[in-house]
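The block underneath contains the structure these notes are about, expressed in structure tokens.
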Ligand SMILES: [Zn+2]
């Protein structure tokens, strides 16, 4: 049986409140051996760590504020103190700082441009927390590649560890992310976005992680339904096709990669 680690599934989102035990059971049946549940603000970070306690050694939590929620942070110093408190109270359950990054996408009428500075300052604080606690980063970037890479390069000589999840940066930024020693997260977006599809064959397998980003980005052939970790095999199958290798190779190598980045999952 193929085995997988889903390095990014928001089981802390309210879409799973009604049937989380069932989702976990179906993930196990599908060969998913570990799941990282990223927080996206302080309360969902706490919730991810609660899930990590409940499903000990199967689910793992994180702490971080997603750039989309950066505007909710009124006091950066206070946010840093609160994140430190969460990290210190959950050391046995926290696999990473995440998900954090920059996001300049226009969501509905909300324009991120006015919040760029806030996002950047928050990201720096979160990178410094990862370095302070020797934790890997789960990084998010959308429509902000130049600023994102510029900030990451500030820390190039530090022991920066992490994954640029849901990678959609194109060839130029792929090279830059790889040169920083980071992993590249691939999910169902590759199965239906031609922009992402075309980059898959360029990602070295030894630097690739698989994820679902559930409940979002359901891969083909299941688009239109709620995504869950069991769908990770469709992502693996797609990568295998694009790289002209077997699904077993993809599952084994990405599994090893996840264990090497997220020490706690061993
Ligand atoms: Zn996410």
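Residue numbers (the working numbering): 2 to 267. Where is the CB? At the ideal position from N, CA and C, for every residue including glycine. Quick caveat, the model's predicted, so the values are computed rather than measured.
{"Asked": "Cα-Cα separation, residue 182 to residue 62", "Found": "23 Å"}
{"Asked": "Endpoints, beta strand (DSSP E) assigned at residue 61", "Found": "60 to 64"}
{"Asked": "Distance CB(residue 179)-CB(residue 137) smaller than 9 Å", "Found": "no"}
{"Asked": "Every unbroken alpha helix (DSSP H) within the region 179 to 207, with a cutoff of 4 residues, ordered by chain", "Found": "190 to 193 and 195 to 198"}
{"Asked": "Every unbroken alpha helix (DSSP H) inside the region 100 to 159 [4 residues or more]", "Found": "117 to 134 and 146 to 155"}
{"Asked": "Alpha-carbon spacing of residue 149 relative to residue 102, whole angstroms", "Found": "7 Å"}
{"Asked": "Rounded distance between the beta-carbons of residue 252 and residue 5, thought under 8 Å", "Found": "6 Å"}
{"Asked": "heavy atom of ligand 1 below 8 Å from residue 39 C-beta", "Found": "yes"}
{"Asked": "Heavy atom of ligand 1 within 8 Å of residue 70 beta-carbon", "Found": "no"}
{"Asked": "Beta-carbon proximity of residue 168 to residue 200, cut-off 9 Å", "Found": "yes"}
{"Asked": "Under 9 Å between C-beta atoms of residue 215 and residue 229", "Found": "yes"}
{"Asked": "DSSP bridge partner residues for residue 210 (one or two, in chain order)", "Found": "186"}
{"Asked": "Short Cβ contact (9 Å threshold) for residue 117 with residue 152", "Found": "no"}
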